[in-house]
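Participant: Going down the list, the protein sequences come from chains A and B.
For any residue, its number in the numbering used here is found by taking its place in the first sequence, counting from 1, and adding 21.
For any residue, its number in the numbering used here is found by taking its place in the second sequence, counting from 1, and adding 558.
Every residue, glycine too, gets a C-beta built ideally from N, C-alpha and C.
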Amino acid sequence: MREAVAVRDFVGFLGRQTGVRLNRYADQSAFLYRILRQIVVNPKAGRMLRTRIVVEQIYFTAVEALWIVIPIALLLGSMMILQLSDVAAQHDLGRVTVALLIREFGPLITALIVVLRSATAVTIETGYMKVLNEIEALELQGINPLDILYVPRMIGITVSMFCLITIFCITAVLGGYAIAWALTTLPLQNLLFQIGKAVTGLDIAVVALKALFFGVGITVISLHHGLAVQKGITEVPVATSRGAVACLYYCLSVNVILFAAFFL
Amino acid sequence: MVLIELRDYAHAPTGRGKGLEKFSFSLSPGDSFGLHADRIDDAHLFLRALATLEPPEEGSYFFKGEALDFSKFRKLLPVRRRIAYLGIDATLIGNRTLRTNLLLGRYYLENKLNLELSEEALSLCRLFGIEDKLDRRPSQVAPEDARAAVIIREMTKGAEVFLIEQAFVALARPVIARYIEMIRKVIDSGIPCVFYAGMPDFDSLFKKRDIHIRDGVVEVD
Chain A
22 MREAVAVRDF
32 VGFLGRQTGV
42 RLNRYADQSA
52 FLYRILRQIV
62 VNPKAGRMLR
72 TRIVVEQIYF
82 TAVEALWIVI
92 PIALLLGSMM
102 ILQLSDVAAQ
112 HDLGRVTVAL
122 LIREFGPLIT
132 ALIVVLRSAT
142 AVTIETGYMK
152 VLNEIEALEL
162 QGINPLDILY
172 VPRMIGITVS
182 MFCLITIFCI
192 TAVLGGYAIA
202 WALTTLPLQN
212 LLFQIGKAVT
222 GLDIAVVALK
232 ALFFGVGITV
242 ISLHHGLAVQ
252 KGITEVPVAT
262 SRGAVACLYY
272 CLSVNVILFA
282 AFFL
Chain B
559 MVLIELRDYA
569 HAPTGRGKGL
579 EKFSFSLSPG
589 DSFGLHADRI
599 DDAHLFLRAL
609 ATLEPPEEGS
619 YFFKGEALDF
629 SKFRKLLPVR
639 RRIAYLGIDA
649 TLIGNRTLRT
659 NLLLGRYYLE
669 NKLNLELSEE
679 ALSLCRLFGI
689 EDKLDRRPSQ
699 VAPEDARAAV
709 IIREMTKGAE
719 VFLIEQAFVA
729 LARPVIARYI
739 EMIRKVIDSG
749 IPCVFYAGMP
759 DFDSLFKKRD
769 IHIRDGVVEV
779 D
């Protein structure tokens, strides 16, 4: 009897959790639809203001992150080239570098940096704005928050993601090569040529798709968690933490799905 | 012409209030109501309801005779812009300067970024003593200066209705008299006004009629 109750409770728990998650995904999808529709409509009201906030967002997300992205790309690039040169035969090194560094680690680590720096900041900012009635303050001036809060975040973070992934990959390959060449005696003469040969249009397209999905998804998830804050400021850290973890799972899932879709 | 009409409006309690039981209320040009409530939260809820910030759980909201559909958020924005809401929770955008806060609505609606404050806004800034603090953010000024900026923003947005709550909270003493004078001018100009001062002495300065909320029941004298 007791076992039956435990099973029933467990099944009930699973059902409730599934319902909560499905509800959240439905909310996030509806929110994404509203943002995308607003981007397409591009209303004249607030267009200049929106552009300025997009530029500010790109500055915060991309330009200010360069001092983190570039050293990490250099360290990772040089380490991977050194490690891979040990295990891969010289003629495979280019292909392995492209597969791991450009296609997988570059986008994923860049996404992780954006989640740590920008997604958390967006969730905190949005949560505070919600709790402190700042979003209402915008609405009372006739301003649609979609126009100056959500749309610029999405455009800014997605554009930044493209730029940062590109910079990460170039820095990791060229900088990593330079460091490996300067500090070791490994035979790396043909590496750049091999990498150039190994990169295909599909690789570039997949990386671009990852940047798009990461940028859009990270923005929607972080904004949604910020807007979910209801009662007080103490909810903001919880929402931030949950938002960051959700972004991480999302990015890993997108990575696996795109890999399966294009390379399996 | 009736500007705002709440018809058979009802709302569940918020905070420590009793909520608002089904009532009807209309506000026309020239009206000036003093609000009295046995619970502050109910007075707050009533003002938020008038400001379209609380969707009705029952009943309808009419603005200039047109029923508002609270599920169509975009259509509420032009109405909200016509209402000056000076509730205790009215605030500024924290990561923008006071100047940007005062100009934000115009930046958005006029689609220009090279705008300067109007003469009216500047003179109000001088009146409230925040003229030299306009390039600071709300967190960098005293709470009374931030409150003054909220008042100036609402006063200069061309509102057709004023909703004022605990008007003198968080205002520096020297500017209270000037603020009272401003409210009096608003009322004299025929702009309808509902205010909850929480202090009977101040109520008697402006009101023409009274709204009483007792245990969630709204009665208009």
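(1) Let's test the definition: count the other Cβ atoms within 10 Å of the Cβ of Gly645/B and tell me whether it reaches 16, buried, or not, exposed.
(2) What is the rounded straight-line gap between the Cα of Glu160/A and the Cα of Pro166/A?
(3) Under the rule that 16 or more other beta-carbon atoms within 10 Å means buried, what is Phe31/A, buried or exposed?
(4) At the level of alpha carbons, what is the spacing between Val752/B and Leu248/A?
(5) Taking Gly163/A and Leu635/B to be in contact with their CB atoms under 8 Å, please state how far apart those CB atoms are, rounded to whole angstroms.
(6) Run through chain B and tell me which residues come within less than 9 Å of Lys65/A, C-beta to C-beta.
(7) Exposed or buried, what is Pro173/A when buried is set at 16 or more other beta-carbons lying within 10 Å of its beta-carbon?
(8) Any C-beta of chain A sitting closer than 8 Å to the C-beta of Ile738/B?
(9) What residues from chain A crowd round Arg638/B, counting only those whose CB sits closer than 9 Å?
(10) Assuming Tyr665/B contacts Leu673/B under a Cβ cut-off of 8 Å, what Cβ separation, rounded to an integer in Å, is found between them?
(11) Counting Cβ pairs closer than 8 Å, one from the segment 143 to 150 of chain A and one from the segment 112 to 122 of chain A, do we hit at least three?
(12) Leu244/A CB to nearest chain B CB: under 8 Å?
(13) DSSP on Glu77/A, reduced to helix/strand/coil?
(14) Quick one: which chain A residues come within Cβ less than 9 Å of Ile651/B?
(15) Can you give me the start and stop residues for the alpha helix (DSSP H) that Leu185/A sits inside?
(16) Count the other CB atoms within 10 Å of the CB of Phe631/B; is the residue buried (16 or more) or exposed (fewer)?
(17) Any idea if Val220/A is buried or exposed, counting beta-carbon neighbours within 10 angstroms, 16 or more meaning buried?
(18) Is it the case that the Cβ atoms of Pro732/B and Pro587/B are separated by a distance below 8 Å?
(19) For Ala639/B, report the span of its beta strand (DSSP E) as first-last.
(20) Glu612/B: buried (16+ other C-beta within 10 angstroms of its C-beta) or exposed?
(21) Chain A partners of Gly663/B, CB-CB under 8 Å?
(22) Taking the alpha helix (DSSP H) that Phe284/A belongs to, which residues open and close that run?
(23) Does the beta-carbon distance from Asn659/B to Ala609/B come in below 8 Å?
(24) Kindly indicate which residue of Glu678/B, Ile734/B and Leu603/B has the alpha-carbon position closest to the one of Glu721/B.
(25) Could you tell me the boundaries of the alpha helix (DSSP H) in which Arg731/B lies?
(26) Is it buried or exposed for Asp168/A, if we count other Cβ within 10 angstroms and need 16 for buried?
Facilitator: Reading off the structure:
(1) Along the second sequence, one-based indexing puts residue 645/B at 87. Buried, because 16 or more other Cβ atoms sit within 10 Å of the Cβ of Gly645/B.
(2) To locate residue 160/A, count along the first sequence from 1; it is residue 139. To locate residue 166/A, count along the first sequence from 1; it is residue 145. C-alpha of Glu160/A to C-alpha of Pro166/A: approximately 7 Å in a straight line.
(3) In the first sequence, residue 31/A corresponds to position 10, counting from 1. It is exposed - the Cβ of Phe31/A has fewer than 16 other Cβ atoms within 10 Å.
(4) As a working note, residue 752/B is residue 194 in the second sequence. As a working note, residue 248/A is residue 227 in the first sequence. Going by the C-alpha atoms only, they are around 31 Å apart.
(5) As a first step, residue 163/A must be located in the first sequence, where it is residue number 142. As a first step, residue 635/B must be located in the second sequence, where it is residue number 77. Indeed they touch by this definition, with Cβ atoms about 5 Å apart.
(6) For the purposes of this step, residue 65/A is identified with residue 44 of the first sequence, where counting begins at 1. By Cβ distance, chain B contributes Asn669.
(7) Working through the first sequence from its first residue, we reach residue 173/A at position 152. Buried is the call here.
(8) For the purposes of this step, residue 738/B is taken as residue 180 along the second sequence, with counting starting at 1. Put simply, the CB of Ile738/B is far from chain A, with every gap to its CB atoms at 8 Å or more.
(9) Position 80 of the second sequence, counting from 1, holds the residue named residue 638/B. Glu157, Glu160, Leu161, Gln162 and Gly163, listed in chain order.
(10) Position 107 of the second sequence holds residue 665/B. Position 115 of the second sequence holds residue 673/B. Sure, about 6 Å apart at Cβ, within 8 Å.
(11) Contact between the segment 143 to 150 of chain A and the segment 112 to 122 of chain A is absent: fewer than three C-beta pairs spanning the two stretches fall below 8 Å.
(12) On the first sequence, position 223 is the one that residue 244/A refers to. No, its Cβ sits nowhere closer than 8 Å to a Cβ of chain B.
(13) By 1-based counting over the first sequence, the position of residue 77/A is 56. Annotated three-state conformation of Glu77/A is helix, per DSSP.
(14) Taking the second sequence and counting its residues from 1, the one referred to as residue 651/B is at position 93. By Cβ distance, chain A contributes Met150, Glu155, Ala158 and Leu159.
(15) Residue numbering aside, residue 185/A sits at position 164 when the first sequence is read from its first letter. Counted as a single uninterrupted DSSP element, the alpha helix (DSSP H) harbouring Leu185/A occupies residues Val172 to Ile191.
(16) Locating residue 631/B in the second sequence gives position 73, where the first residue counts as 1. It counts as exposed.
(17) Locating residue 220/A in the first sequence gives position 199, counting from the first residue. Label assigned to Val220/A: buried.
(18) Residue mapping note: residue 732/B aligns to position 174 of the second sequence, counting from 1. Residue mapping note: residue 587/B aligns to position 29 of the second sequence, counting from 1. At the C-beta level, Pro732/B and Pro587/B stay beyond 8 Å of one another.
(19) Your numbering for residue 639/B matches position 81 in the second sequence. The question names Ala, but residue 639/B in the sequence shown is Arg. No beta strand (DSSP E) holds Arg639/B; the alpha helix (DSSP H) holding it covers Phe631 to Arg639.
(20) As a first step, residue 612/B must be located in the second sequence, where it is residue number 54. Per the 10 Å Cβ criterion, buried.
(21) For the purposes of this step, residue 663/B is identified with residue 105 of the second sequence, where counting begins at 1. In chain order: Gln162, Gly163 and Ile164.
(22) In the first sequence, the residue the question calls residue 284/A occupies position 263. Annotation: the continuous alpha helix (DSSP H) that includes Phe284/A extends over Glu256 to Phe284.
(23) Residue numbering aside, residue 659/B sits at position 101 when the second sequence is read from its first letter. Residue numbering aside, residue 609/B sits at position 51 when the second sequence is read from its first letter. No. Outside cutoff.
(24) Along the second sequence, one-based indexing puts residue 721/B at 163. It is Leu, not Glu, that sits at residue 721/B in the sequence shown. Residue Leu603/B is the option with its Cα nearest to Leu721/B.
(25) Stepping through the second sequence from its first residue, residue 731/B is reached at position 173. Segment Arg731 to Asp746, the alpha helix (DSSP H) holding Arg731/B.
(26) Position 147 of the first sequence, counted from the first residue, corresponds to residue 168/A. Burial check for Asp168/A: the Cβ neighbour count within 10 Å reaches 16 or more, so the residue is buried.
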